[in-house]
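Residue numbers (my numbering), protein chains in the order written: chain A, 4 to 226; chain B, 4 to 226.
Heads up, the beta-carbon is just placed ideally off N, CA and C, and yes, glycines get one too.
These numbers come from a predicted model, not from an experiment.
Step one of this worksheet: look at the structure below.
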DNA sequence: GTCTATAAAAGGATAGAC
DNA sequence: GTCTATCCTTTTATAGAC
C-alpha cells in the first residue's frame with residue numbers, strides 16, 4: 004500500500020504533494036478550454052484534486068495565479084524566441100537578416116510552447132485568451148513580457164525587409180501576430196470536424212509561407 | 004417642462020421609450036470593452052439607464068440578448084459581403100475572379116461594420132470577443148451566420164488563386180480571418196499610445212496588401 | 001500545508017404591484 | 001412596459017481547526 008501520511012490526497016501522485024504545480028496545470032487547462040473569466044476557482048481546485056483554500060494559500064488570489072501562470076509559460080517561450088534571434092543576428096554580422104529564419108524564430112517557439120504545455124493539445128488557446136480577455140491585472144504583466152520581444156523582432160524585420168516604411172512594418176508585424184494567435188487558438192473556419200489535428204510543423208510551414216509573402220509584399224497597391 | 008407620464012425615466016430621451024434598443028447598444032458597448040462574460044446584466048441595465056428586469060422582459064435572458072445582438076450586427080455585414088461577392092462573380096462571367104476585389108468584399112464590410120456600430124469607435128472588439136469567448140449558446144448562431152459566407156468566399160478564393168491545393172487554401176483563408184479579426188480588435192503590438200487611430204481605409208489597404216500577397220504566395224517553400 | 005465551514009458579495013432570474 | 005423586492009445560485013475569500 005501507499006503510505007498515507009499526506010492526508011486524503013496522500014502519496015497517490017508525486018513524492019511531495021506539489022499542489023502548486025497541480026493548480027497551475029489545472030488552471031492552464033481550464034483557462035484554455037473555458038476562458039479566463041468563466042473558469043472558477045472551484046473548477047480549478049476540483050480539476051487539480053486539491054482544496055479550494057489552496058489557491059489562496061499558494062497564490063493569494065485567482066488573479067495572482069493567472070499572473071504566475073503567464074510568467075511561467077510565456078516568458079520561456081519569449082526567451083527561446085530571443086535566443087534564436089540572437090543566433091541569427093550573430094550570423095549575419097551586421098548585414099541584412101534572412102526573413103524566413105527570423106519568422107521561424109518568432110513563430111516556432113509559440114507552437115512548441117503550445118504542444119508542450121501540460122502534455123495537452125489545444126493549449127495554444129490559453130495564449131489566445133490572453134489577447135482576447137485582457138484582465139486588468141494582466142495588462143502590465145503582458146506588456147512587460149512582450150515588450151522586449153516585440154521591439155527586438157520589429158527591428159529584425161526592419162533589417163529583413165528593408166524596403167518597408169516604419170509604419171507599414173508595424174502594421175505587418177501586427178498582422179503576423181494576428182495570424183499566429185488565431186492559428187494557435189485552433190478555431191478553423193472551413194474544415195468542419197476534421198478528425199485529427201495536423202502536425203505542428205505542417206501548420207508552421209503554412210504560416211511561414213503566408214506571412215513571409217505578406218511581409219515581403221511591395222508597398223504600392225496592385226489595385 | 005417635459006411630460007412625465009412615462010415614469011421616472013419619462014420623456015428625457017426619445018418620444019417612445021425604446022428600451023430594447025438602448026439595451027442592445029449598452030450591451031454592445033460593454034461586451035466590446037469588458038468582455039462577454041465579465042459584463043453583468045446590472046452593468047448593462049445601468050449603462051442603458053433602464054431597470055434590471057427589462058432585460059428579461061425584452062430578451063428572456065442575457066444569452067438571448069447576446070444572440071439578438073449578433074443577429075442584428077453580424078448578419079447585415081455578411082449580407083453586404085455576399086452582395087459584393089455576387090457582383091464580382093456576375094462580372095466575371097464564369098472566368099477566374101480578381102483576387103483583390105474579392106478580398107475587399109470580405110474585409111471592407113467588417114471595418115464599415117465596426118465604425119458604424121452605435122457611433123462608437125472600438126466596437127470591432129465585439130467582433131473579436133465572439134471569436135475568443137465562444138459562449139456555448141453562440142456556437143450554433145455563429146456557425147449559422149458565418150457558414151454561408153465562409154463557404155462562398157472559400158470558393159471565390161479558389162477561383163481567384165487557382166494554383167492552391169484545397170487544404171492550403173483553407174489554411175490561408177484561416178490566416179486571412181486571423182489577420183482581420185486581430186486588426187479589428189484594435190490591439191497594437193508596437194505603436195504605444197499612438198494618439199489618434201488611423202482612418203479605416205488606410206488600415207484596410209494595408210490588410211489587403213498583406214493578405215493578397217499571402218494568398219498568392221507559391222506553395223513551395225522559399226527555404 | 002491542508003482541511004472544513006462560513007462569510008460576504010455578485011451574479012442571473014422572477015413575482016407581483018403599478 | 002416598467003419598477004421594487006426578493007430568491008437562489010455561484011463566486012471569491014478568509015478564519016480557524018487539524
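Check whether residue i and residue j have beta carbons under 8 angstroms apart
i, j, result
"residue 211 of chain B", "residue 71 of chain B", "no"
"residue 112 of chain A", "residue 83 of chain A", "yes"
"residue 58 of chain A", "residue 25 of chain A", "no"
"residue 128 of chain A", "residue 36 of chain A", "yes"
"residue 218 of chain A", "residue 184 of chain A", "no"
"residue 157 of chain A", "residue 176 of chain A", "yes"
"residue 148 of chain B", "residue 66 of chain B", "no"
"residue 3 of chain A", "residue 213 of chain B", "This structure cannot speak to residue 3 of chain A, because chain A is shown only from 4 to 226."
"residue 145 of chain B", "residue 73 of chain B", "yes"
"residue 69 of chain B", "residue 155 of chain B", "no"
"residue 39 of chain B", "residue 132 of chain B", "yes"
"residue 105 of chain A", "residue 207 of chain A", "no"
"residue 172 of chain B", "residue 159 of chain B", "no"
"residue 216 of chain B", "residue 46 of chain A", "no"
Contacts that residue i makes with chain B (C-beta to C-beta distance below 7 angstroms)
i, result
"residue 143 of chain A", "Going along chain B, no residue has its Cβ under 7 angstroms from residue 143 of chain A, so there is no contact; the nearest lies around 14 angstroms."
"residue 192 of chain A", "153, 176, 177, 180"
Within chain B, partners of residue i - CB distance below 8 angstroms
i, result
"residue 184 of chain A", "181, 185"
Under 7 angstroms by beta carbon: chain A residues contacting residue i
i, result
"residue 131 of chain B", "135"
Residue from the options whose Cα sits closest to the Cα of residue i
i, options, result
"residue 85 of chain B", "B:119, B:152, B:157, B:38", "B:152"
"residue 187 of chain A", "B:181, B:188, B:171", "B:181"
"residue 90 of chain A", "A:107, A:199, A:41", "A:107"
"residue 29 of chain A", "A:39, A:23, A:131, A:50", "A:50"
"residue 119 of chain A", "A:161, A:222, A:215, A:203", "A:203"
"residue 41 of chain A", "A:209, A:138, A:100", "A:138"
"residue 192 of chain A", "B:78, B:201, B:174", "B:174"
"residue 80 of chain B", "B:130, B:209, B:99", "B:130"
"residue 76 of chain B", "B:32, B:167, B:21", "B:32"
"residue 231 of chain B", "A:61, A:101, A:47, A:222", "The question about residue 231 of chain B has no answer, for chain B in this structure spans 4 to 226."
"residue 63 of chain B", "B:209, B:23, B:189", "B:23"
"residue 166 of chain B", "B:100, B:199, B:209", "B:100"
"residue 150 of chain A", "A:201, A:96, A:78, A:94", "A:78"
"residue 169 of chain A", "B:143, B:189, B:56, B:209", "B:209"
"residue 61 of chain B", "B:43, B:98, B:21", "B:21"
Contact list for residue i against chain B, beta-carbon separation under 9 angstroms
i, result
"residue 155 of chain A", "Per Cβ cutoff of 9 angstroms: no residues; residue 155 of chain A is ~11 angstroms from chain B at best."
| Got a sec: which bits of the region 166-181 of chain B sit with their beta carbon under 7 angstroms from any beta carbon on chain A, in order along the chain? | 171, 173, 174, 175, 176, 177, 178, 180, 181
| request: Quick one: which residues of the region 202-219 of chain A get their C-beta closer than 8 angstroms to a C-beta of chain B? List them in chain order. | output: 206, 208, 209, 210, 211, 212, 213, 214, 215, 216, 217, 218, 219
| Between the region 20-54 of chain B and chain A, which residues of the former have CB atoms less than 7 angstroms from a CB of the latter, in chain order? | 38, 40, 41
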